[in-house]
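K.L.:
Quick one: the structure is below, questions incoming.
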Amino acid sequence: MEELTAGLTKVGTGLAAVAIFLGLLLVIFFIGARAKGKLQFPAAMIVFLGPAILLLAYGLIAPAFLTTVGSFQNPNGNEFVGFANYSWIFTTEANRTFLTNTAMWIIIAPLVSTGIGLMLALLLDRMRRESISKSLIFMPMAISFVGAGIIWGLVYEYRDPAETQVGLLSQVVMWLGVEEPPNWLLWQPWNNFLLMVIMIWIQVGFAMVVLSAAIKAIPGDVVEAAELDGATGWKLFSRVTIPMVRGTLIVVFTTIMIAVLKIFDIVRTMTNGNFGTQVVANEMYAQAFVQFDVGRGSALAVVLFVAVIPLIAYNVIQLRKERTIR
Amino acid sequence: MTQRVHYDDVSLVYPGSTKPAVSHLELDIAEGEFLVLVGPSGCGKSTSLRMLAGLEPISTGKIFIGDRDVTNVPAKDRDIAMVFQNYALYPHMSVAENMAFALKIQKVAKDEINRRVKDAAALLDLTDYLERKPKALSGGQRQRVAMGRAIVREPEVFLMDEPLSNLDAKLRVQTRTQIAALQRRLGTTTLYVTHDQVEAMTMGDRVAVLKDGILQQCASPRELYDNPANAFVGTFIGSPSMNIIPSLITEGGVDMNGFLVPIERDILGKASGHEVIVGVRPEDLILSAEGAEMTVTLVEELGADTYVYGTYPSPEGPVDLVARGQGLAAPKIGTNVKVNPQRTYVFDATGDQKRLS
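Listed below in structure tokens is the structure:
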């Protein structure tokens, strides 16, 4: 009974909060609507932009600022240490693993995902019932990274070769004649690539769908003109198809790269960064929330943030360029 | 080297369709000739052209370019150049690159490519635009680039699929004469598709009229106008189009509601029934004191000519007629006037409506 009343009070408080929020909005709109003459434009700006700016400031700008400040502080956040946290990231021998791993991730995973996506888009373009195959390939996109990690954990499952195998990969290579498959997730440095496979499995669908739309948008008569000009097969692909979807290719590549740069969930669920598979984002989590060294965690977050900026800027510029051409 | 083109009994039936898109097409295009394929939309003219290009399969029959049977030769090996309706320029290449593309694929020497592109650009007035992308060009310029892309190839045959339909009316007339002049100058065999009979008549050495995938007649523009093979060709060629008047055969000619139009007995003898179709060009149907009566519905005064439109009650129901007023005061709308055919074509009333006279 007590629990019920407690629950009801909670619901009541929630409802009251919503009501107060709506009331506040009403008041703001009312005041905004009464503004006349010179005040009208500034009032409209405050009414429409104000709430968004406040929320952004509270949820994004303030944390970003605090994180940046924290990255120059000691683990407890009560003393400034200059660039010590940053020099720790880049000069500690043990940190090379996650730096090189992340570098490998952001080059290999987007390249392979975009490449396979492009190939599938081309192959499926002329297939009958392509929507079915496309849906199947796109489906991993709907699975969370954690879910995908669990699924692939089963694929990479290790059992003693003498026992019945549970892991799909082990069984397949045993059928292919390998007598003693390794314990995949401990198999350095290849375990990194096995983790990348999961990311690629998820991102290929995205790359394929977007690239397929771009390929379909190439006018049929341009392809016919190229055929009459003697460009078929590989020449048609490399000289006409690729240049005409170039913008889309770049956007797909950089979008996947941004996702990969932040990669955390897959590594966390599969190996938790052990066995030489650590990446920047997981190290950040480990430093901030396992070791409680807020300074180093913040510094890692800032490094990630700075690394993403040029990619996003390039992406936006590319999108703008395409828009102006159109 | 320019070549002749020969369609040998070519048919195309699309899968899932019983009606052929093109049926038993038999057509010869002489070396250096400008032949225009014309017909209403869906008549198979574009399909015929695309079959020659190798972009459309052929169900039965053969196509020859020169002495070479190209029926099963892929499009890229047919040595033809095509100008598309929407130009189909490569958007990522400059004008010069667009024109040079085919030559680059053929691995023609660089100097030769440059020379040909420059010549074509000079010919088409594109020299100042060679470095531009197609997006920065006007519709007329794009059309010229498409022409240039075909010219630099120096192919055996040019194919043009309604290349003027995206231009505005004024530019179309201008470009029409330019293309015709260019073709005469280059002397390359050309197959040109259009739905516009004025384009067909003004540009072609010969004009082939298609309807429902069947070739109706192929002749010089003058011949088509003067001697249409059937009622369809008669009405399709000429503007305003030929009057079609269903009439009953009587003693000494045909009866137009009590007015006798004299027609020779042996012509009418070939008719398959009691009725024939009398075709009269608007300029041959004049207002006169003697003639068949029609009710005026519209009068168009064009300065030099006056066209009088009216309805005439034929045995097949009312038909619309166009007559030429001869400098007389134009009749009022709603009044009855008498029209007198000066020159007639007689077509069979049934079947293909073949010409009898």
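Heads up: the sequence lines are chains A and B, in that order.
Using the working numbering, the first residue of the first sequence is number 830, and each one after it goes up by one.
Using the working numbering, the first residue of the second sequence is number 281, and each one after it goes up by one.
Ideal placement from N, C-alpha and C gives every residue a C-beta, glycine not left out.
Assess, as a yes-or-no matter, whether the segment 1061-1079 of chain A is touched by the segment 970-978 of chain A under the definition of 3 or more beta carbon pairs within less than 8 Å.
P.N.:
No, they do not touch.
K.L.:
On the three-state DSSP scale, how would you describe A/R1155?
P.N.:
Only weak support exists for where A/R1155 lies, its pLDDT of 47 falling under 50; the value from the coordinates is given anyway. A/R1155: coil per DSSP, three-state reduction.
K.L.:
Starting from A/N1020, trace the alpha helix (DSSP H) in both directions and tell me its first and last residue.
P.N.:
Run containing A/N1020: 1019-1045, per the alpha helix (DSSP H) assignment.
K.L.:
Between which two residues does the beta strand (DSSP E) carrying B/M362 extend?
P.N.:
Start and end: 360-363.
K.L.:
Under 7 Å Cβ-Cβ, which residues of chain B neighbour A/T1061?
P.N.:
Ordered by position in chain B, the residues that pass the 7 Å Cβ test against A/T1061 are K356.
K.L.:
Using beta carbons (cut-off 8 Å, strictly below), is B/L382 in contact with chain A?
P.N.:
The question names Leu, but residue 382 of chain B in the sequence shown is Ala. With 8 Å as the cut-off, B/A382 counts as an interface residue toward chain A.
K.L.:
Just the chain B side, please: which residues come within less than 9 Å of A/L951 by C-beta, in chain order?
P.N.:
Result: empty, since nearest Cβ-Cβ is about 18 Å, beyond 9 Å.
K.L.:
Tell me where the alpha helix (DSSP H) around A/G879 begins and ends.
P.N.:
It spans 869-885 - the alpha helix (DSSP H) in which A/G879 sits, taken as one unbroken run.
K.L.:
Return yes when the Cβ of B/A361 is within less than 8 Å of the Cβ of B/I314, no when it is not.
P.N.:
Before going on, a small fix: residue 314 of chain B reads as Phe here, not Ile. Taking 8 Å as the Cβ cut-off, B/F314 and B/A361 do not qualify as a contacting pair.
K.L.:
According to DSSP, is B/G590 part of a helix, a strand, or is it coil?
P.N.:
If DSSP states are grouped into helix, strand and coil, B/G590 belongs with the strands.
K.L.:
In or out: B/K325 buried (at least 16 other Cβ within 10 Å) or exposed?
P.N.:
The residue in question, B/K325, is buried, as its Cβ has 16 or more Cβ neighbours within 10 Å.
K.L.:
Distance cutoff 8 Å, beta carbons only. Does B/Y294 sit that close to anything in chain A?
P.N.:
Closer than 8 Å: no.
K.L.:
DSSP state of B/Q421, grouped into three classes?
P.N.:
Reduced to three states, the DSSP call for B/Q421 is helix.
K.L.:
So which residues on chain C does B/Y370 lean against when the C-beta distance must stay under 7 Å?
P.N.:
The chain inventory of the structure shown lacks chain C, comprising the protein chains A and B.
K.L.:
I'd like to know if the segment 593-611 of chain B and the segment 560-580 of chain B are in contact, where contact means that at least 3 CB-CB pairs between them fall below 8 Å.
P.N.:
Output reads yes: the segment 560-580 of chain B touches the segment 593-611 of chain B.
K.L.:
Given a limit of 9 Å on CB to CB distance, which residues of the segment 531-546 of chain B reach chain A?
P.N.:
Cβ contacts with chain A come from no residue of the segment 531-546 of chain B.
K.L.:
Using a Cβ cut-off of 7 Å, pull out every chain B residue sitting near A/D1058, in sequence order please.
P.N.:
Chain B residues near A/D1058: F381, A382, I385.
K.L.:
Using a C-beta cutoff of 8 Å, does A/A1054 count as contacting chain B?
P.N.:
Answer yes: the Cβ-Cβ gap between A/A1054 and chain B drops below 8 Å somewhere.
K.L.:
Measuring CB atoms only, is the segment 1078-1088 of chain A touching the segment 936-952 of chain A, in the sense that at least three cross pairs come out at less than 8 Å?
P.N.:
Segments in contact, yes.
K.L.:
Cα separation between A/R1155 and A/R1149?
P.N.:
Unreliable positioning characterises A/R1155 in this predicted model, as indicated by a pLDDT of 47, which lies under 50. The coordinate reading is nonetheless provided below. The alpha-carbon atoms of A/R1155 and A/R1149 are separated by roughly 10 Å.
K.L.:
Are the C-beta of B/A361 and some C-beta of chain A separated by less than 8 Å?
P.N.:
Cβ-Cβ to chain A under 8 Å: yes for B/A361.
K.L.:
Run through chain B and tell me which residues come within less than 8 Å of A/M956, C-beta to C-beta.
P.N.:
By Cβ distance, chain B contributes nothing, its closest Cβ being about 18 Å from A/M956, past 8 Å.
K.L.:
Is A/M948 close to chain B? Criterion is C-beta to C-beta, closer than 8 Å.
P.N.:
Judged by the 8 Å Cβ criterion, A/M948 is not in contact with chain B.
K.L.:
Would A/P990 pass as an interface residue toward chain B - the criterion being a Cβ-Cβ separation below 8 Å?
P.N.:
Not closer than 8 Å to any Cβ of chain B, the Cβ of A/P990 fails to qualify, so no.
K.L.:
Can you check DSSP and say which residues form a bridge with A/Q1116?
P.N.:
Looking at the DSSP assignment, A/Q1116 forms no beta bridge with any residue, so it has no partner.
K.L.:
DSSP state of A/E922, grouped into three classes?
P.N.:
In the structure shown, A/E922 sits in a helix (DSSP, three-state: H, G or I).
K.L.:
Compare the Cα-Cα distances from B/G634 to each of B/Y589, B/N510, B/V558 and report the closest residue.
P.N.:
For the record, residue 634 of chain B in the displayed sequence is Lys; it is not Gly. With distances taken between Cα atoms, B/K634 lies closest to B/N510.
K.L.:
State yes or no: is the beta carbon of A/K865 nearer than 8 Å to at least one beta carbon in chain B?
P.N.:
No, because no Cβ of chain B sits closer than 8 Å to the Cβ of A/K865.
K.L.:
Can you name, in chain order, every residue of its own chain whose Cβ lies under 7 Å from the Cβ of B/I345, other than the five neighbours on each side?
P.N.:
These residues qualify, in order along the chain: Q283, V285, R358, E436, V437.
K.L.:
Got a sec: which bits of the segment 515-530 of chain B sit with their beta carbon under 8 Å from any beta carbon on chain A, in order along the chain?
P.N.:
Under the 8 Å Cβ criterion, the segment 515-530 of chain B contributes no residue.
K.L.:
What span of residues does the alpha helix (DSSP H) with A/S900 cover, start to end?
P.N.:
That residue, A/S900, is in no alpha helix (DSSP H); it is neither H nor E in DSSP.
K.L.:
If A/S900 and A/S1041 are in contact, beta carbons under 8 Å, what's the gap, nearest whole angstrom?
P.N.:
Actually they do not touch by this definition, with Cβ atoms about 42 Å apart.
K.L.:
Could you name the residues that DSSP lists as bridge partners for B/V602?
P.N.:
For B/V602, which the question treats as bridged, DSSP gives the partners B/Y589.
K.L.:
Cutting at 7 Å between CB atoms, please list the residues of its own chain near B/N537, excluding the five before and the five after it.
P.N.:
So the list reads A572, E573, P593, once near-sequence residues are dropped.
K.L.:
Quick one: grab the DSSP three-state call for B/A629.
P.N.:
The answer is coil: DSSP assigns B/A629 none of H, G, I, E or B.
K.L.:
What residues in the segment 314-342 of chain B have a beta carbon less than 9 Å from any beta carbon of chain A?
P.N.:
Going along the segment 314-342 of chain B in chain order, one finds R330, A333, G334, L335 with a Cβ nearer than 9 Å to chain A.
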